Structures are given as structure tokens and as C-alpha cells.
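Numbering (this note's numbering), first residue to last: 98 to 252. All residues carry an ideal CB built from backbone N, CA and C; glycine is no exception. Just so we're clear, the structure is a prediction, and the values are computed from it rather than from any experiment.
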Amino acid sequence: MSVEHPRELLRPDGSLPQLYLPSPPELSSADDVRRYTTYILNMLGLKHYDVRWSAAQSEAGHCLRNSHVSLSRSFFTHRLEQKNYPAIWEVVLHEIAHALEYELFGCGGHGHSWVRCCEALGLYGGYHSERHALPPHPSTEFVLTTMLESYYGKL
Numbered sequence: 098m099s100v101e102h103p104r105e106l107l108r109p110d111g112s113l114p115q116l117y118l119p120s121p122p123e124l125s126s127a128d129d130v131r132r133y134t135t136y137i138l139n140m141l142g143l144k145h146y147d148v149r150w151s152a153a154q155s156e157a158g159h160c161l162r163n164s165h166v167s168l169s170r171s172f173f174t175h176r177l178e179q180k181n182y183p184a185i186w187e188v189v190l191h192e193i194a195h196a197l198e199y200e201l202f203g204c205g206g207h208g209h210s211w212v213r214c215c216e217a218l219g220l221y222g223g224y225h226s227e228r229h230a231l232p233p234h235p236s237t238e239f240v241l242t243t244m245l246e247s248y249y250g251k252l
């Protein structure tokens with residue numbers, strides 16, 4: 098599956114089908130994560146998105162609309178050392194869902210259309226589902242807990 102523009106992914110009724118992405122290759126370095134993220138963005142018609150490393154300690158990733166996906170080098174380096182590939186994959190799909198949502202629906206955030214994009218990518222629940230997948234940084238846990246509580250209610 099590879100498309101020129103994400104709109105080609107939509108069914109005639111405007112819904113998104115389940116998108117079957119290729120399994121990630123053996124990930125042994127941060128550069129492998131970056132290459133694979135770029136590969137998936139390209140497959141989904143998001144070729145104009147750049148994948149960048151950030152020094153962020155309070156978030157694992159960030160998507161800037163119509164521009165780039167930013168990934169925290171410290172988060173990914175730590176997860177690679179732990180061989181915590183599900184946490185890596187979850188953050189990558191989370192950020193790709195933001196890019197896909199913006200291109201398909203013109204909006205951002207963690208609303209209904211973003212959840213639809215997450216589900217199409219095979220990421221159910223959207224937010225990090227396992228607390229042990231979080232970076233060991235107190236401010237990150239506070240930010241994520243605040244986000245989860247605003248979405249799901251008091252934890």
C-alpha cells in the first residue's frame with residue numbers, strides 16, 4: 098500500500114479502513130526509528146513531513162501540522178536500550194495519526210477524527226496504554242497523566 102495523498106485512503110463514505118502497515122524491521126538505533134517513521138509517512142502520502150529528533154524531556158513526540166514529526170531522542174534511545182519496541186511503535190503511530198488527521202480532516206488534537214486515525218493505524222486508545230512505557234521523567238508523567246485525565250476523567 099502506498100498512496101500519493103492521504104485522501105486516497107478514504108472510503109467513498111469518508112471513513113478510514115484498517116490500514117495494514119508493514120511490521121517494523123529490527124530496530125537497533127535511533128536512526129532506524131527515524132528511517133522507519135519516514136517510510137510509513139511516505140507510504141501514507143505524507144511525503145512532505147520531515148522526521149526530526151528533539152531534546153524534549155517532557156514528551157516522547159510531537160507533530161507540527163503540515164511540517165514535521167519530532168521525536169525525543171532521549172525517549173527513543175532509552176526505549177531501544179530496554180528493547181521496549183511496543184512503546185517505540187506506539188509513539189510513532191501516535192504522531193503519524195496526528196499528521197494523518199491534519200491532512201485528512203484539517204484539525205488537530207486528540208478528538209474523534211484523531212481517534213479514527215489511530216484506530217485505522219492499529220493504535221487503539223490513542224494515548225500510551227501502559228504506564229511503564231513512559232520515560233522515567235517526573236514532568237513527563239505529570240503531563241501525560243494530566244492529558245489522560247482530561248480525556249478519560251480522573252484516574
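From Pro119, Ser155, Leu161, pick the residue whose C-alpha is nearest to that of Gly203; which is it? Leu161
Check this for me: beta carbons of Val148 and His165, under 8 Å apart or not? Yes, the Cβ-Cβ distance between Val148 and His165 is below 8 Å.
Since Ala196 and Leu116 are thought to touch, with beta carbons under 8 Å apart, how far apart are those beta carbons, to the nearest angstrom? Contact flag wrong, Cβ pair sits at about 13 Å.
Could you give the distance in angstroms between the alpha-carbon of Asp129 and the alpha-carbon of Trp186? 12 Å
I'd like the list of long-range same chain contacts for Pro122, defined as Cβ closer than 8 Å, with 5 residues on each side in sequence excluded. Excluding sequence neighbours, Pro122 sits near Asp129, Tyr133.
Euclidean distance between Cα positions of His145 and Pro183: 26 Å
Is the separation between the beta-carbon of Arg213 and that of Leu106 shorter than 8 Å? no
Across which residues does DSSP place Asp85 in a beta bridge pair? For the chain, the structure presents residues 98 to 252; residue 85 sits outside this window and is missing.
Write down the C-beta distance between Glu200 and Trp211 rounded to the nearest angstrom, noting that I regard them as a contact closer than 8 Å. Rounded, the Cβ-Cβ distance is 12 Å, inconsistent with contact.
Would you mind listing the alpha helix (DSSP H) stretches within the stretch 166 to 190 that are 4+ residues and don't spill past its ends, in chain order? 170 to 179
Which stretch, first to last residue, makes up the alpha helix (DSSP H) that contains Met140? The continuous alpha helix (DSSP H) containing Met140 extends over residues 127 to 140.
Are Phe172 and Ala152 touching if we call contact CB-CB under 8 Å? no
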